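Just below is one structure, and these are the notes that go with it.
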Amino acid sequence: MSYDLFLGCVIPARLPFLEASSRKVFEKLGIKLNDVDGFSCCPDPTGIEQIDRNTWLALGARNLSLCNNNGGVISFCSGCVETLKGVNYFINKDLTIKKKVNRYLQKIGKTYEGKTEVKHFAQVLYENLEKLKENIEKPLEGLKVAVHYGCHYLRPSEIIEWDDPFEPITIDEIVKTLGAESVEYDLKMECCGNPVEKSDKDLSLLMIGNKLKAIQQAGANCVVVVCPACYQQFEFNQKELNKLNNTDYNIPIFYLSELVALAFGFKPEELGLNFHRIKPNTLFESLGFEI
Amino acid sequence: MSVINYKFRNEVLKHNASLSYCYQCSTCSGGCPVALLTSGNYNPRKIIEEAILGLQDKLVQSQDPNPWLCSTCQKCVELCPQKVELTEIFVLIKNRCFKQSKTPEAFLAQAQAVLENGVAIPYSKAILTRRDKLGLPEVKTASLDEINELLQETNFKKHLLKEG
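Chain order of the listed sequences is S and G.
Using the working numbering, the letters of the first sequence map in sequence onto residues 25 to 315.
Using the working numbering, the letters of the second sequence map in sequence onto residues 3 to 166.
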């Protein structure tokens, strides 16, 4: 089994340790990821699409035109997945859009028919749950995880076509398979607030503050995410919120790939967990994990 | 006072016919996290109402309600009993705002980065060292000539340069 790998911008250029754990997990599962030269920004469905739909379609279709793997393309980022699936959706739904996009692409000697299958890495993990189970060396017992699905992993369901848009199960199932507990909490299905940071920072902080409060109240000792925008929103803002509101948030944020890799027996330092702003060391010590 | 702009109204309806299905039930606003936290100042139902009425000055010039506050969580689209493609219509409105220089600075900064680097975040020296340390391969990003040509073709470059 193999897929082309679409890295996007945020993970490789700002949070490369998330890429490291993701690559390790796929290697261990025996799923080959092919690096492809020449990708641009996906582009951002919460940014470029909002200011110019045609540019979003053109750049997205150009990226998809570079994929040549029959298994399709996967990404570690929910935003990239939404863009690439969205571009496919519009190209296949509307012939005038397909023609327009190909007119743009013609200028750079490319063409795209809308046939490349796009998957989120968490989808591929879920589809390989049995294989994942076989590779577990250290069940994550004692980890009380607040699962944050994020919006673009699920919606719009007509474009994403994966899991339930309001009552999803896939990431909870993966977390439980790893031996951890998935803690139910209020606001589980709410947006983290990252996209509104570009227009209203206070509102963005309010959104993430409400989620963190609910997570703390529910007694979770960490959060798991599958999108780098959510990751940054959860991790980078805890200190600022503490300063503003006299709270004491210090909740480690994990990428799903990091939890899987830890359960597979990889050491925290191999995964670059030391690059996290909120260090998970105390949590690991309290659970008796080797650091 | 708001004035109906028939040309704008017809363009929006032509672009997305689902707009005309809206019967103003407000399910969208009831499920919208931003409407909840702004006491209804941001209000997807109202944006749709203004779009149906063709109130371009409200939507684009005075931005009341402000379409840039949408978090793109896509809940409204899932919840709408009439299958109105709300976020599609919001994209159309915000695309109009961009063409009329009514875009928040952070969106333009990201657009500028993509125009200059092909990617939204350029690779700093520190990150390249960190990638190396983590044993990650070199990333070969898009040819800038190609991106430039494509963005010229979609008129993106022209609008962005106009923004200065």
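Where a beta carbon is used, it is the ideal one built from N, C-alpha and C, also for glycine.
A quick note: this is a predicted structure, and the numbers were derived from the prediction, not measured.
- Counting along the chain, Asn-274 of chain S sits inside no alpha helix (DSSP H), nor does DSSP assign it H or E at all.
- For His-144 of chain S against Tyr-177 of chain S, the beta-carbon gap comes to about 6 Å, under 8 Å, which counts as contact.
- At the C-beta level, Ile-123 of chain G and Arg-38 of chain S come within 8 Å of one another.
- For His-144 of chain S, the pairing in a beta bridge is given by DSSP as S:Ser-99.
- Against chain G, the CB of Leu-31 of chain S has a partner CB under 8 Å away; the residue lies at that interface.
- Close partners of Thr-135 of chain S in chain G (Cβ separation under 7 Å) are lacking, with about 13 Å as the shortest Cβ gap.
- In this structure, the CA atom of Tyr-113 of chain S is about 6 Å from the CA atom of Ile-183 of chain S.
- Between the beta-carbon of Lys-162 of chain S and that of Asn-245 of chain S there is about 17 Å, and that puts the pair past the 8 Å contact cut.
- Using a Cβ-Cβ cut-off of 8 Å, Val-284 of chain S does not count as an interface residue toward chain G, since no Cβ of chain G sits closer than that to its own.
- At a cut-off of 8 Å between beta carbons, Thr-156 of chain G contacts chain S.
- Between Val-125 of chain S and Tyr-27 of chain S, the C-beta gap is not smaller than 8 Å, which leaves the two residues out of contact.
- 8 Å or more divides the Cβ of Leu-236 of chain S from the Cβ of Leu-39 of chain G.
- The Cβ of Phe-63 of chain S sits closer than 8 Å to at least one Cβ of chain G.
- Here Ala-170 of chain S has Val-207, Tyr-209, Ile-239, Ala-244, Val-247 as same chain residues with Cβ atoms under 6 Å from its own Cβ, once five neighbours each way along the sequence are excluded.
- Taking 7 Å as the Cβ-Cβ cut-off, the segment 79 to 103 of chain G approaches chain S at Val-79, Glu-80, Val-93, Lys-96, Asn-97, Phe-100, given in chain order.
- Taking C-beta separations shorter than 6 Å and ignoring five residues to either side along the sequence, the partners of Lys-77 of chain G in its chain run Gly-33, following chain order.
- At the C-beta level, Thr-194 of chain S and Thr-156 of chain G stay beyond 8 Å of one another.
- For Phe-109 of chain G, the nearest beta carbon of chain S is closer than 8 Å to its own beta carbon.
- Cys-246 of chain S: member of the beta strand (DSSP E) spanning 246 to 249, first to last residue.
- DSSP places Leu-38 of chain G inside the alpha helix (DSSP H), whose first and last residues are 35 to 39.
- About 20 Å separates the beta carbons of Val-116 of chain G and Cys-91 of chain S, which is beyond the 8 Å limit, so they are not a contact pair.
- Its chain contains Leu-117, Lys-159 as the residues whose beta carbon lies nearer than 7 Å to that of Leu-153 of chain G, once the 5 sequence neighbours on both sides are disregarded; these appear in chain order.
- At a C-beta separation below 8 Å, Gly-120 of chain G has these neighbours in chain S: Ser-64, Cys-65.
- Close partners of Ser-145 of chain G in chain S (Cβ separation under 8 Å): Gly-62.
- Straight across, the Cα-Cα distance linking Ala-128 of chain G with Pro-40 of chain S is about 11 Å.
- Residue-level contact check: Ile-6 of chain G does not touch chain S, since none of the beta carbons of chain S fall below 8 Å from its beta carbon.
- Within the DSSP secondary-structure output, Val-169 of chain S pairs in a beta bridge with S:Ser-206, S:Cys-246.
- Taking 7 Å as the cut-off between beta carbons, the residues of the segment 231 to 252 of chain S near chain G are Met-231, in sequence order.
- According to DSSP, residue pairing for Asn-159 of chain S in a beta bridge does not occur.
- Going by DSSP, Ser-64 of chain S is part of no beta strand (DSSP E) at all; its letter is neither H nor E.
- Residue environment for Pro-83 of chain G: exposed (fewer than 16 other C-beta atoms within 10 angstroms of its C-beta).
- The residue from S:Cys-101, S:Phe-30, S:Tyr-255 with its alpha-carbon nearest to that of Pro-276 of chain S is S:Tyr-255.
- In the same chain as Gln-26 of chain G, and ignoring 5 residues on each side of it, the C-beta atoms closer than 7 Å to its own belong to Arg-47, Glu-51, in chain order.
- Here Ser-26 of chain S is bridged, per DSSP, to S:Lys-56.
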